[in-house]
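Engineer: Chains as they are written, first to last, in the numbering used here: chain B, 1 to 128; chain C, 129 to 461.
The beta-carbon is built from N, C-alpha and C at its ideal position, and this holds for glycine as well.
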Amino acid sequence: MAEASYPQELLYHPEHDWARIDGEVATFGITWHAQDALGEVVFFEPPAIGAQLTQHEPYTEIESVKAVSDVIAPLSGEVIEVNDALGEAPEAINDDPYGTGWMVRVRLSDAAQTAALLTRDDYVALLS
Amino acid sequence: MVAYAGWELPVRYDGVIAEHLAVRSAVGAFDVSHMGEIETTGPGALDLLMLLCSNDLARIPIGGAQYSLLCREDGGVLDDIFTYRLAAERYLTVTNAANHERDLAWFRSHAGGFDAQVIDRAADYAMIAVQGPLAREVVQAIASAPLPERMTIAARTLDGAEALVAGTGYTGEDGVELLIAPAEALGVWNALLRRGAKPAGLAARDTLRTEACFHLYGNDLGTERGPIEAGLGWCCRPGGGYIGAEAVSAVREAGPAEQLVPFVITERGAARPGDRVIGGGVVTSGTFSPSLETGIGMAYLPSERAAVGTEFEIDVRGKHRRARVETRPLLKV
Numbered sequence: 001m002a003e004a005s006y007p008q009e010l011l012y013h014p015e016h017d018w019a020r021i022d023g024e025v026a027t028f029g030i031t032w033h034a035q036d037a038l039g040e041v042v043f044f045e046p047p048a049i050g051a052q053l054t055q056h057e058p059y060t061e062i063e064s065v066k067a068v069s070d071v072i073a074p075l076s077g078e079v080i081e082v083n084d085a086l087g088e089a090p091e092a093i094n095d096d097p098y099g100t101g102w103m104v105r106v107r108l109s110d111a112a113q114t115a116a117l118l119t120r121d122d123y124v125a126l127l128s
Numbered sequence: 129m130v131a132y133a134g135w136e137l138p139v140r141y142d143g144v145i146a147e148h149l150a151v152r153s154a155v156g157a158f159d160v161s162h163m164g165e166i167e168t169t170g171p172g173a174l175d176l177l178m179l180l181c182s183n184d185l186a187r188i189p190i191g192g193a194q195y196s197l198l199c200r201e202d203g204g205v206l207d208d209i210f211t212y213r214l215a216a217e218r219y220l221t222v223t224n225a226a227n228h229e230r231d232l233a234w235f236r237s238h239a240g241g242f243d244a245q246v247i248d249r250a251a252d253y254a255m256i257a258v259q260g261p262l263a264r265e266v267v268q269a270i271a272s273a274p275l276p277e278r279m280t281i282a283a284r285t286l287d288g289a290e291a292l293v294a295g296t297g298y299t300g301e302d303g304v305e306l307l308i309a310p311a312e313a314l315g316v317w318n319a320l321l322r323r324g325a326k327p328a329g330l331a332a333r334d335t336l337r338t339e340a341c342f343h344l345y346g347n348d349l350g351t352e353r354g355p356i357e358a359g360l361g362w363c364c365r366p367g368g369g370y371i372g373a374e375a376v377s378a379v380r381e382a383g384p385a386e387q388l389v390p391f392v393i394t395e396r397g398a399a400r401p402g403d404r405v406i407g408g409g410v411v412t413s414g415t416f417s418p419s420l421e422t423g424i425g426m427a428y429l430p431s432e433r434a435a436v437g438t439e440f441e442i443d444v445r446g447k448h449r450r451a452r453v454e455t456r457p458l459l460k461v
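1) Any C-beta of chain C sitting closer than 7 angstroms to the C-beta of residue 101 of chain B?
2) Along chain C, in chain order, which residues have C-beta atoms closer than 9 angstroms to that of residue 63 of chain B?
3) Between which two residues does the alpha helix (DSSP H) harbouring residue 106 of chain B extend?
4) Who are residue 263 of chain C's beta bridge partners in DSSP?
5) Please identify, using Cβ separations under 8 angstroms, the residues of the segment 31 to 48 of chain B that lie next to chain C, in order along the chain.
6) Would the segment 61 to 68 of chain B and the segment 13 to 25 of chain B be scored as touching if the rule is three or more Cβ pairs under 8 angstroms?
7) For the segment 50 to 114 of chain B, list the beta strand (DSSP E) runs that are entirely contained and at least 3 residues long, ordered along the chain.
8) With a 10 Å radius around its C-beta and 16 neighbouring C-beta atoms as the bar for buried, classify residue 448 of chain C as buried or exposed.
9) Show which residues of chain C have a CB atom less than 9 angstroms away from the CB atom of residue 106 of chain B.
10) Under the three-state reduction of DSSP, which class applies to residue 13 of chain B: helix, strand or coil?
11) Roughly how many angstroms separate the alpha carbons of residue 104 of chain B and residue 324 of chain C, rounded to a whole number?
12) If we ignore side chains and look at the alpha-carbon of each, how far apart do residue 287 of chain C and residue 332 of chain C end up?
13) For residue 163 of chain C and residue 135 of chain C, I'd like the C-alpha separation in whole angstroms.
14) Give the secondary structure of residue 168 of chain C by DSSP, where H, G and I count as helix, E and B as strand, and everything else as coil.
15) Could you tell me whether the Cβ of residue 427 of chain C comes closer than 7 angstroms to any Cβ of chain B?
16) For residue 193 of chain C, count neighbouring C-beta atoms within 10 Å of its own C-beta (all shown protein chains included) and say buried if the count is 16 or more, exposed if not.
17) Compare the Cα-Cα distances from residue 437 of chain C to each of C:443, C:444 and C:429 and report the closest residue.
18) Quick one: Cα of residue 228 of chain C to Cα of residue 98 of chain B, how far?
19) How would you list, in chain order, the residues of chain C whose beta-carbon sits under 9 angstroms from the beta-carbon of residue 68 of chain B?
20) Looking at residue 176 of chain C: is its Cβ nearer than 7 angstroms to the Cβ of residue 233 of chain C?
21) Between the segment 334 to 346 of chain C and chain B, which residues of the former have CB atoms less than 9 angstroms from a CB of the latter, in chain order?
22) Output needed in chain order: residues of the segment 134 to 157 of chain C with a Cβ under 7 angstroms from some Cβ in chain A.
23) Does DSSP put residue 178 of chain C in a helix, a strand or coil?
24) Taking the beta strand (DSSP E) that residue 424 of chain C falls in, what are its first and last residues?
25) If you run the structure through DSSP and keep just helix, strand and coil, what is residue 151 of chain C?
26) Determine, using beta carbons only, whether residue 271 of chain C comes closer than 7 angstroms to chain B.
27) Looking at C-alpha atoms only, which residue of C:212, C:166 and C:370 is the closest neighbour of residue 181 of chain C?
28) Relative to the alpha-carbon of residue 154 of chain C, which residue among C:441, C:409, C:313 and C:321 has its alpha-carbon at the smallest distance?
29) For residue 143 of chain B, tell me which candidate among B:26, B:10, B:40 and B:12 has the shortest Cα-Cα distance.
30) Using a Cβ-Cβ cutoff of 9 angstroms, what residues of the segment 310 to 334 of chain C are near chain B? List them in chain order.
31) Relative to the C-alpha of residue 385 of chain C, which candidate in C:396, C:397, C:441 and C:355 has its C-alpha closest?
32) So which of C:373, C:423, C:345 and C:374 has the shortest CA-CA distance to residue 226 of chain C?
33) Between the Cα of residue 335 of chain C and those of C:256, C:420 and C:406, spot the shortest distance and give me the residue it belongs to.
34) How about residue 340 of chain C and residue 300 of chain C: do their beta carbons lie closer than 7 angstroms?
35) Using the Cα positions of residue 361 of chain C and residue 128 of chain B, report the straight-line distance between them to the nearest angstrom.
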């Protein structure tokens, strides 16, 4: 697995999810810490395109060898794209959690919700 | 690391799948020092063990090994154990860590009428399991003499350390288990790793034993069910004479109401221990199988729905997952 890293340009949810915001659209995934705690991911089932996600609520689950875990939406919005490649290659979530391991793209419904998210430094402080 | 029964246990070194596959294709080393040991010695040792253990220890020669259950009077299982015959009147029983103190008290509470001594040896042995197709080669390279065959035990020197070497394991692979004085165990561990054994954690041990359909006490075995329900009638001697024999025989004759069966999930996802079977039954072991690349496990099902090939559904976090009863072992090694 890759070395621990927490990119500066992302916003973080305390439940170990990240959001990369690009105007009205954001990409979501789980953090290095989350994938490390889970171990090798073996199943990922994306939500349907068009699904409405609610901030702080689970929107899907990921399964590792030893456990299954909810994935929490860092922000609210409508799913406009899912990472279908994870169906065949869920290990990307471990190998590259901020890149090829991305999970969904969402059209945000309330930009003000970012106030509830953490900066990189605050998230790293939370982990320690 | 995770805390368990007073021990800090190594769950994972670098990754469960890599560790699992290393054991299936080459060799892995497990630190299982949490396992307990009870020594029973003296002229009455065999008679005491024949009272406590479900299997027929009178049949094993010096250097032999045997799997048994400790049962209560009502047939409920107190522990599953391996007993090794070290000498004519000297036996070593390996217990599960969480049950060790209860087992020891059980042995002692029944030892009164026997000319036998029950000695707690848990602090005297560290235990390393070396498992996989290359396990014997790696251990042989540091051993003073040829290794004992499967289901036997012998004293050997390993890289200068005195050890008991047993041809047993919990993965379905060939291999050995090593009992070593704690002060010398780290040296042996490092010698094994230098020769190519991959450190494997208890998460991999669990996926390996589930593929092999070996029972885990606390999941697949407990005081609330008996050996026949668990599919372990083969290690309960038909002639009786052990504690719980009447209860076990009664279930054997009447037929068990439920049976432990291996299963595979026939769609995506894995069931986990505690998941309910739709229409009755419960999953007691459940994981993703790194070798079969699907969800597998063991479940207690009502006997009328326990036949091989029977399809059923499991409630996995609110979703119904299809599963099928399989033959054991789930992975044919």
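Structural biologist: Straight from the coordinates:
1) Working through the first sequence from its first residue, we reach residue 101 of chain B at position 101. Output row for residue 101 of chain B: interface = no.
2) In the first sequence, the residue the question calls residue 63 of chain B occupies position 63. Neighbours of residue 63 of chain B in chain C, taken as residues at a C-beta separation under 9 angstroms, are given in chain order as 396, 397, 398, 416 and 423.
3) As a position in the first sequence, residue 106 of chain B is number 106, starting the count at 1. Here residue 106 of chain B belongs to no alpha helix (DSSP H); instead the beta strand (DSSP E) covers 104 to 108.
4) Within the second sequence, the letter at position 135 stands for residue 263 of chain C. In DSSP, residue 263 of chain C forms no bridge with anything.
5) Residues 39, 40, 42, 43 and 45.
6) Three or more beta-carbon pairs separated by less than 8 angstroms are not found between the segment 61 to 68 of chain B and the segment 13 to 25 of chain B, which leaves the two stretches without contact.
7) Qualifying beta strand (DSSP E) stretches, in chain order: 58 to 64, 68 to 72, 77 to 82 and 104 to 108.
8) Walking along the second sequence from the start, residue 448 of chain C turns up at place 320. Residue 448 of chain C is classed as exposed because its beta carbon has fewer than 16 other beta carbons within 10 Å across all chains shown.
9) The residue you call residue 106 of chain B lines up with position 106 of the first sequence. Residues of chain C passing the Cβ test: none, with the nearest at roughly 23 angstroms.
10) Position 13 of the first sequence holds residue 13 of chain B. Strand, per DSSP.
11) In the first sequence, residue 104 of chain B corresponds to position 104, counting from 1. In the second sequence, residue 324 of chain C corresponds to position 196, counting from 1. Roughly 41 angstroms between the two C-alpha positions.
12) Taking the first residue of the second sequence as position 1, residue 287 of chain C is located at position 159. Taking the first residue of the second sequence as position 1, residue 332 of chain C is located at position 204. Spanning the two alpha carbons is a distance of roughly 26 angstroms.
13) Translated into the one-based positions of the second sequence, residue 163 of chain C becomes position 35. Translated into the one-based positions of the second sequence, residue 135 of chain C becomes position 7. A straight line joining the alpha-carbon of residue 163 of chain C with that of residue 135 of chain C spans about 10 angstroms.
14) As a working note, residue 168 of chain C is residue 40 in the second sequence. The answer is strand: DSSP assigns residue 168 of chain C an E or B state.
15) As a position in the second sequence, residue 427 of chain C is number 299, starting the count at 1. No, residue 427 of chain C does not count as interfacial toward chain B.
16) Taking the first residue of the second sequence as position 1, residue 193 of chain C is located at position 65. Residue burial is scored here from C-beta neighbours: residue 193 of chain C has at least 16 other C-beta atoms within 10 angstroms and is therefore classed as buried.
17) Taking the first residue of the second sequence as position 1, residue 437 of chain C is located at position 309. For residue 437 of chain C, the nearest C-alpha among the options comes from C:429.
18) The residue labelled residue 228 of chain C in the question sits at position 100 within the second sequence. The residue labelled residue 98 of chain B in the question sits at position 98 within the first sequence. Residue 228 of chain C and residue 98 of chain B have their alpha carbons spaced roughly 46 angstroms apart.
19) For the purposes of this step, residue 68 of chain B is identified with residue 68 of the first sequence, where counting begins at 1. Near residue 68 of chain B (Cβ distances below 9 angstroms), the residues of chain C are 397, 398, 400, 444 and 445.
20) Reading the second sequence from its first residue, position 48 is the one you call residue 176 of chain C. Reading the second sequence from its first residue, position 105 is the one you call residue 233 of chain C. When the beta-carbon positions are compared, residue 176 of chain C and residue 233 of chain C stay at least 7 angstroms from each other.
21) With the criterion set as a beta carbon lying under 9 angstroms from some beta carbon of chain B, the members of the segment 334 to 346 of chain C are 334 and 335, in sequence order.
22) This model lacks chain A altogether; the protein chains it does include are B and C.
23) Taking the second sequence and counting its residues from 1, the one referred to as residue 178 of chain C is at position 50. In the structure shown, residue 178 of chain C adopts helical secondary structure according to DSSP, grouped into three states.
24) In the second sequence, the residue the question calls residue 424 of chain C occupies position 296. Here the beta strand (DSSP E) through residue 424 of chain C covers 422 to 430.
25) As a first step, residue 151 of chain C is located in the second sequence; it is residue number 23 there, counting from the start. Note: residue 151 of chain C maps to helix in three-state DSSP.
26) For the purposes of this step, residue 271 of chain C is taken as residue 143 along the second sequence, with counting starting at 1. Residue 271 of chain C does not count as touching chain B.
27) Counting from one through the second sequence, the residue named residue 181 of chain C turns up at place 53. The candidate whose alpha carbon is nearest that of residue 181 of chain C is C:370.
28) Counted from its first residue, the second sequence places residue 154 of chain C at position 26. Of the candidates C:441, C:409, C:313 and C:321, C:321 places its Cα closest to the Cα of residue 154 of chain C.
29) Summary: the structure shown does not reach residue 143 of chain B, with chain B confined to residues 1 through 128, and so no result is reported for it.
30) Near chain B, meaning a CB-to-CB distance below 9 angstroms, the residues of the segment 310 to 334 of chain C are 331, 332 and 334.
31) Residue numbering aside, residue 385 of chain C sits at position 257 when the second sequence is read from its first letter. Closest by alpha carbon: C:355.
32) For the purposes of this step, residue 226 of chain C is taken as residue 98 along the second sequence, with counting starting at 1. Closest in C-alpha terms to residue 226 of chain C, from the list C:373, C:423, C:345 and C:374, comes C:345.
33) For the purposes of this step, residue 335 of chain C is identified with residue 207 of the second sequence, where counting begins at 1. Of the listed residues, the one whose Cα sits closest to residue 335 of chain C is C:420.
34) Here residue 340 of chain C refers to the residue found at position 212 of the second sequence. Here residue 300 of chain C refers to the residue found at position 172 of the second sequence. Going by C-beta atoms, residue 340 of chain C is nearer than 7 angstroms to residue 300 of chain C.
35) Here the question's residue 361 of chain C lines up with position 233 in the second sequence. Here the question's residue 128 of chain B lines up with position 128 in the first sequence. Approximately 51 angstroms, taken between the alpha carbons.
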